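Below you'll find the structure, written out as structure tokens, and then a few comments.
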Amino acid sequence: MNVLATNSNAFISPTNQAEMSKKITLIIPVYNEADNINAFYEATSAVVEELDNYTWELLFVNDGSKDNSWEIIKQLAQRDARVKGICLSRNFGKEIALTAGAESVNDADAVIFIDADLQHPPALIPELLARWEEGFHIVATLRKNIQYSMVRKLGAKLFYHLLNRFSNIDIKPNSTDFRLLDKKVLSVLHTFEERTRFFRGMIDWMGFKKTYVEFSAPDRLEGNSTFNFRNLVNLALAAFTSFSLFPLKIAGYLGVTIIFFTMLLIAYMLFSHCFLGEVYTILAYFVVLNTFLFGVVLAAIGLIALYIGHIHTEVVKRPLYIVQEEVGLIDG
Ligand code: UDP
Ligand code: MG
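Each residue of the sequence shown is one higher than the one before, starting from 85 at the first, in our numbering.
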């Protein structure tokens with residue numbers, strides 16, 4: 085007993101303080117950010133140095149930048165042991181870059197995803213940590229003022245509206261990728277094998293104790309947003325097709341509607357033909373019948389879609405459920 089006590093006391097000696105403190109890894113996706121990385125690094129170091137009871141790691145994921153971002157990251161890594169880097173072989177897109185970053189972290193107590201262009205203010209990090217320390221597993225952020233074009237704003241609005249309405253995840257408009265994940269959430273994220281990725285959606289799908297922090301996004305420091313219309317549409321499609329069967333079911337619904345109305349129409353035509361003396365040409369009957377058959381075909385496609393939906397669910401192999409906590413289990 086005594087020996088144990090002495091040992092554990094020795095363990096808490098100041099020299100081991102660093103080992104005792106919690107480790108936080110910042111995951112920073114980088115695509116052509118050569119003009120921003122240093123400023124980002126300065127701003128972030130200033131913030132994390134204030135929080136000295138944590139151990140910090142800055143993990144830059146170079147997503148196939150065409151400028152010298154990777155050289156700058158390597159220089160930083162030489163100067164500062166907290167800086168780490170991964171260089172992807174080409175541009176895979178932000179979602180994949182975030183995944184690559186998340187998958188190479190295995191000993192952090194929490195990770196924070198943050199953009200390199202200072203649009204996700206590092207000054208918010210202490211607040212994210214404070215909420216995490218309160219016991220939240222996911223601390224997400226909501227962006228208050230968005231300086232995007234009218235079209236992008238409207239598009240975003242429509243996207244969130246449809247996604248919330250027709251998918252099985254609850255995702256807040258204006259939520260960003262700037263978020264903190266507890267290691268518990270991260271380890272579940274590692275089990276996700278799906279290839280079409282909408283990162284925020286996956287995290288929102290997981291549940292866990294979650295809270296939001298608001299911030300106002302400044303303009304991008306240097307350069308332009310690399311998200312063009314095509315990227316955003318692709319992201320929206322990925323989100324939809326991975327979390328909602330609605331697009332597949334549309335055909336089915338349309339088919340059923342057509343069947344319903346053509347049946348009404350045929351009934352009316354027959355009725356008025358027999359009892360009201362109206363005369364329809366054979367061609368008219370043929371057109372209505374044809375439309376009816378069209379409805380049948382669409383409904384059948386909708387039905388097939390349901391089966392494809394099941395296949396999709398099997399193929400993505402998402403965990404069936406996620407255990408948040410256990411009590412009283414032997415090796416819990
Ligand atoms: N980014 C990336 N790969 C890409 C596009 C962007 O890693 O293909 C990174 C980029 O370097 C930045 C973050 O993702 O750190 C957000 O990109 P951006 O500022 O262009 O998007 P926005 O702020 O307009 O959403
Ligand atoms: Mg940005």
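Built from N, CA and C at the ideal position, the CB exists for glycine as well.
Remember, predicted model here, so these are calculated numbers, not experimental data.
Sheet register partners of residue i (DSSP bridge)
i, result
"F197", "I111, R263"
"Y296", "A224"
"L246", "According to DSSP, L246 bridges with nothing at all."
"K106", "Y138"
Straight-line gap, residue i to residue j (C-alpha atoms, nearest Å)
i, j, result
"A89", "L212", "Confidence is the limiting factor: at A89 the pLDDT is only 43, short of 50, which leaves the residue's position unreliable and the question unanswerable from this model."
"R263", "L319", "19 Å"
"F276", "I406", "12 Å"
"N315", "H357", "56 Å"
"S300", "Q162", "33 Å"
"V400", "K107", "31 Å"
"I170", "I157", "9 Å"
"L135", "P210", "8 Å"
"T324", "Y364", "It should be pointed out that residue 324 corresponds to Phe in this sequence rather than to Thr. Rounded to the nearest angstrom, the two C-alpha atoms are 45 Å apart."
"V381", "N374", "11 Å"
"D254", "D288", "7 Å"
"R215", "L332", "39 Å"
"R249", "I196", "29 Å"
"T295", "M353", "59 Å"
"S92", "Y138", "Any answer about S92 is weak, because its pLDDT of 45 lies below 50 and its placement is not dependable; what the coordinates show is given next. If I take the Cα positions, the gap works out to 20 Å."
"R402", "T260", "23 Å"
"V272", "I342", "44 Å"
"H396", "M286", "15 Å"
"V269", "A383", "40 Å"
"K178", "V114", "8 Å"
"L265", "L390", "34 Å"
Residue interval of the alpha helix (DSSP H) (run including residue i)
i, result
"G169", "Per DSSP, G169 belongs to no alpha helix (DSSP H); it is in the beta strand (DSSP E), 167-171."
"Q162", "153-163"
"F124", "118-134"
"R215", "209-217"
"K178", "178-187"
"A351", "330-359"
"T325", "313-327"
Where the beta strand (DSSP E) containing residue i begins and where it ends
i, result
"T365", "Per DSSP, T365 belongs to no beta strand (DSSP E) and is neither H nor E."
"F282", "That residue, F282, is in no beta strand (DSSP E); it is neither H nor E in DSSP."
"E417", "Past the boundaries of the shown model lies residue 417; the chain is included only from 85 to 416, so the question cannot be answered."
Check whether residue i and residue j have beta carbons under 8 Å apart
i, j, result
"I111", "L208", "no"
"K293", "A192", "no"
"F124", "L202", "yes"
"T109", "E141", "yes"
"T346", "F376", "yes"
"I388", "G339", "no"
"S153", "I121", "yes"
Residues around the ligand MG, please: the condition is that the C-beta lies closer than 7 Å to some non-hydrogen atom of it.
D199, D201, Q203, R304, S309
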